[in-house]
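Undergrad: Heads up, the final residue of the sequence shown is numbered 398 in our numbering, and it's a clean run with no missing numbers. Using N, Cα and C, we set each Cβ at its ideal position, and we do this for glycine too.
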Amino acid sequence: MRNHTIDLFAGAGGLSVGLKMSGWDVRVAVEYDSTAIETHRKNMPETLHLCDDIRDIDFKQYAGSIDLVAGGPPCQPFSVSGKQLGKLDVRDMVPEFVRVVREIRPRAFLMENVAGLTTARFLPYLEDRVDELRELGYEVYWQVLNAADYGIPQNRRRLFVIGLPVGTKFDFPKPTHGPSHKNKYRTVAEALEGCPVDHINQAKVIFAKNPILRRSPYAGMLLNGKGRPLNMDAPAHTIPASAGGNRTHILDPQGVLRQYHEHLQAGGKPKTGEVKGCSRLTVRQSARLQTFPDWFEFVGRRNQQYAQIGNAVPPEFAAVVAKALHNALNACGDTLERKRTKKALQASES
Numbered sequence: 049m050r051n052h053t054i055d056l057f058a059g060a061g062g063l064s065v066g067l068k069m070s071g072w073d074v075r076v077a078v079e080y081d082s083t084a085i086e087t088h089r090k091n092m093p094e095t096l097h098l099c100d101d102i103r104d105i106d107f108k109q110y111a112g113s114i115d116l117v118a119g120g121p122p123c124q125p126f127s128v129s130g131k132q133l134g135k136l137d138v139r140d141m142v143p144e145f146v147r148v149v150r151e152i153r154p155r156a157f158l159m160e161n162v163a164g165l166t167t168a169r170f171l172p173y174l175e176d177r178v179d180e181l182r183e184l185g186y187e188v189y190w191q192v193l194n195a196a197d198y199g200i201p202q203n204r205r206r207l208f209v210i211g212l213p214v215g216t217k218f219d220f221p222k223p224t225h226g227p228s229h230k231n232k233y234r235t236v237a238e239a240l241e242g243c244p245v246d247h248i249n250q251a252k253v254i255f256a257k258n259p260i261l262r263r264s265p266y267a268g269m270l271l272n273g274k275g276r277p278l279n280m281d282a283p284a285h286t287i288p289a290s291a292g293g294n295r296t297h298i299l300d301p302q303g304v305l306r307q308y309h310e311h312l313q314a315g316g317k318p319k320t321g322e323v324k325g326c327s328r329l330t331v332r333q334s335a336r337l338q339t340f341p342d343w344f345e346f347v348g349r350r351n352q353q354y355a356q357i358g359n360a361v362p363p364e365f366a367a368v369v370a371k372a373l374h375n376a377l378n379a380c381g382d383t384l385e386r387k388r389t390k391k392a393l394q395a396s397e398s
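#1: Would you kindly report the start and end of the unbroken alpha helix (DSSP H) that includes T83?
#2: Exposed or buried, which one is Q352 when buried takes at least 16 other CB atoms within 10 Å?
#3: Exposed or buried, E79, counting other C-beta atoms within 10 Å across all chains shown (16 or more means buried)?
#4: For C243, list the residues DSSP reports as bridge partners.
#5: G275 to I298, Cα distance in whole Å?
#6: According to the neighbour-count rule (16 or more other Cβ atoms, all chains shown, within 10 Å of its Cβ), is E241 buried or exposed?
#7: Suppose contacts are defined by Cβ-Cβ distances below 9 Å. Is V209 in contact with A282 by that definition?
#8: V253 and V323: beta carbons closer than 9 Å?
#9: Please classify E385 as buried or exposed, where buried requires at least 16 neighbouring CB atoms within 10 angstroms.
#10: Out of N378, V74, Q338 and D100, which one is the CA nearest neighbour of T286?
#11: Are the beta-carbon atoms of V188 and I152 separated by less than 9 Å?
#12: Got a sec? Which residues, its chain only, sit under 7 Å from R336 by beta carbon, not counting five neighbours each side?
#13: On the DSSP bridge list, what partners appear for A118?
#14: Roughly how many whole angstroms lie between the Cα atoms of A195 and P223?
#15: Quick one: using the 10 Å Cβ neighbour count with 16 as the cut-off for buried, is K68 buried or exposed?
#16: Helix, strand or coil: how does DSSP classify H297 here?
#17: Could you pull the DSSP bridge partners for E187 from this structure?
#18: Go to H309, then tell me how far its alpha helix (DSSP H) extends in each direction, as first and last residue.
#19: Do R155 and L377 have their C-beta atoms within less than 9 Å of each other?
#20: Taking its Cβ as the centre, do 16 or more other Cβ atoms sit within 10 Å of Q109, making it buried, or is it exposed?
#21: What number of angstroms, rounded off, separates the C-alpha of M269 from the C-alpha of A256?
#22: Please state whether the Cβ-Cβ distance between G62 and A360 is less than 9 Å.
#23: Which of the three DSSP states is assigned to P277 in this structure?
#24: Exposed or buried, what is W72 when buried is set at 16 or more other beta-carbons lying within 10 Å of its beta-carbon?
#25: Looking only at C-alpha atoms, which of C380, T320 and R89 sits nearest to F344?
#26: Please state whether DSSP places M69 in a helix, a strand or coil.
#27: Quick one, which of V76, S334 and D81 has its alpha-carbon nearest E94's?
#28: The beta strand (DSSP E) spanning A111 covers which residue range?
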């Protein structure tokens with residue numbers, strides 16, 4: 049089976065790396081951000097890179113040469129951390145994804161976005177876009193998956209929308225990690241073992257003047273800034289694109305914050321000043337938690353590199369879904385070939 053792919057809203061290339069890991073040949077990558085596309089080009093020079101507004105591109109030129117349209121349209125219109133303007137947000141590019149599928153008519157498509165697109169507020173919008181894709185002649189499946197359930201060291205819930213030829217059966221991959229599975233969740237400590245040395249994040253970790261206690265030291269607000277402390281023995285919180293300064297998540301390898309949490313629970317007074325023994329994630333550590341391989345290089349300013357990592361689909365997460373899609377298409381092709389052979393034999397016998 050031919051496996052030529054175009055990656056829309058490609059960013060630094062997290063989805064592209066995952067696609068390549070699962071057997072897809074990423075022929076074209078489209079991205080508006082010039083720094084992100086330079087990172088993509090640096091790591092995948094064999095791909096044709098288009099740095100342009102997707103709305104200005106006529107994709108009919110790729111009809112017949114692309115087998116899979118993949119991409120993650122900007123998630124800000126539907127993210128719970130944003131204004132949630134949905135289709136009123138100028139960054140809503142889901143209709144553009146549908147247009148590209150309409151113009152190329154690939155064998156299959158894969159769209160990724162935030163789980164917020166499936167909430168009651170936006171579900172009718174999602175269903176309308178899915179109906180449009182079905183009208184183009186596809187069997188459409190969608191589901192929200194958590195990256196941690198598939199061995200990624202990060203809790204990251206994402207929506208995947210899959211399109212296949214009508215009549216093709218598709219099952220989303222079943223979770224492989226967690227309490228009810230043979231494999232335990234992959235932890236922050238495991239993921240960062242042997243991580244390449246990188247520039248230290250200079251943003252200080254400061255005790256909050258008025259800490260808010262929760263049951264877990266990793267759920268409360270014990271520190272200033274929006275970066276959250278990570279439990280070294282569990283998957284990380286979702287890595288945000290806003291990291292770089294005091295929104296960067298915090299490592300606590302010595303359990304300082306756990307001890308401070310116990311101190312506060314026992315009625316102790318809040319502390320002030322800098323927290324010794326804690327540090328914020330470096331770019332390379334953030335990349336590890338997103339499952340980018342160590343050979344993958346990021347270009348641009350440090351804050352741009354953090355943004356590229358946080359905006360990406362974790363490559364190993366993408367690979368799990370893309371592999372299932374690849375297998376479904378192969379099975380579909382085998383079935384069609386058997387039908388052609390049977391039809392040819394019947395014709396020859398008659």
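TA: In short, the structure shows the following:
#1: Start at 1 with the first residue of the sequence shown, and residue 83 comes out as number 35. S82 to N91 is the span of the alpha helix (DSSP H), which, as asked, contains T83.
#2: Locating residue 352 in the sequence shown gives position 304, where the first residue counts as 1. Q352 comes out buried.
#3: Here residue 79 is taken as the residue at index 31 of the sequence shown, counted from 1. Counting Cβ neighbours within 10 Å, E79 comes out buried, since at least 16 surround it.
#4: As a first step, residue 243 must be located in the sequence shown, where it is residue number 195. For C243, which the question treats as bridged, DSSP gives no partner whatsoever.
#5: To locate residue 275, count along the sequence shown from 1; it is residue 227. To locate residue 298, count along the sequence shown from 1; it is residue 250. Distance between the alpha carbons of G275 and I298 is about 6 Å.
#6: In the sequence shown, residue 241 corresponds to position 193, counting from 1. Exposed.
#7: For this step, residue 209 is matched to residue 161 along the sequence shown. For this step, residue 282 is matched to residue 234 along the sequence shown. In this structure, A282 does not lie closer than 9 Å to V209 by Cβ.
#8: Along the sequence shown, one-based indexing puts residue 253 at 205. Along the sequence shown, one-based indexing puts residue 323 at 275. Their beta carbons are under 9 Å apart, which means V253 touches V323 by this criterion.
#9: Mapped onto the sequence shown, residue 385 falls at position 337. Reliability fails at E385, whose pLDDT of 43 lies under 50, so the model's placement of it is uncertain and no value is given.
#10: Start at 1 with the first residue of the sequence shown, and residue 286 comes out as number 238. Per the Cα distances, Q338.
#11: As a first step, residue 188 is located in the sequence shown; it is residue number 140 there, counting from the start. As a first step, residue 152 is located in the sequence shown; it is residue number 104 there, counting from the start. The answer is no: Cβ separation not under 9 Å.
#12: On the sequence shown, position 288 is the one that residue 336 refers to. Within the same chain, R336 has close Cβ partners A239, L240 and C243.
#13: In the sequence shown, counting from the first residue as 1, residue 118 sits at position 70. Its beta-bridge partners are D55 and L158.
#14: By 1-based counting over the sequence shown, the position of residue 195 is 147. By 1-based counting over the sequence shown, the position of residue 223 is 175. A195 and P223: Cα-Cα distance of roughly 9 Å.
#15: By 1-based counting over the sequence shown, the position of residue 68 is 20. Burial call: buried.
#16: Taking the first residue of the sequence shown as 1, we reach residue 297 at position 249. Reduced to three states, the DSSP call for H297 is coil.
#17: Residue mapping note: residue 187 aligns to position 139 of the sequence shown, counting from 1. E187 is bridged to L212.
#18: Residue numbering aside, residue 309 sits at position 261 when the sequence shown is read from its first letter. V304 to Q313 is the span of the alpha helix (DSSP H), which, as asked, contains H309.
#19: What you label residue 155 is simply residue 107 of the sequence shown in a count that begins at 1. What you label residue 377 is simply residue 329 of the sequence shown in a count that begins at 1. Yes.
#20: Your numbering for residue 109 matches position 61 in the sequence shown. That one is exposed.
#21: For the purposes of this step, residue 269 is taken as the residue at position 221 of the sequence shown. For the purposes of this step, residue 256 is taken as the residue at position 208 of the sequence shown. Near 7 Å, if we compare the C-alpha coordinates of A256 and M269.
#22: As a working note, residue 62 is residue 14 in the sequence shown. As a working note, residue 360 is residue 312 in the sequence shown. Cβ atoms of G62 and A360: closer than 9 Å.
#23: The residue given as residue 277 occupies position 229 in the sequence shown. P277: strand per DSSP, three-state reduction.
#24: By 1-based counting over the sequence shown, the position of residue 72 is 24. W72 is buried by the Cβ-count criterion.
#25: Along the sequence shown, one-based indexing puts residue 344 at 296. It is R89 whose Cα lies nearest to the Cα of F344.
#26: On the sequence shown, position 21 is the one that residue 69 refers to. It is helical.
#27: As a working mapping, residue 94 is identified with position 46 in the sequence shown. That would be V76, whose Cα lies nearest to the Cα of E94.
#28: In the sequence shown, residue 111 corresponds to position 63, counting from 1. No beta strand (DSSP E) holds A111; DSSP gives it neither H nor E.
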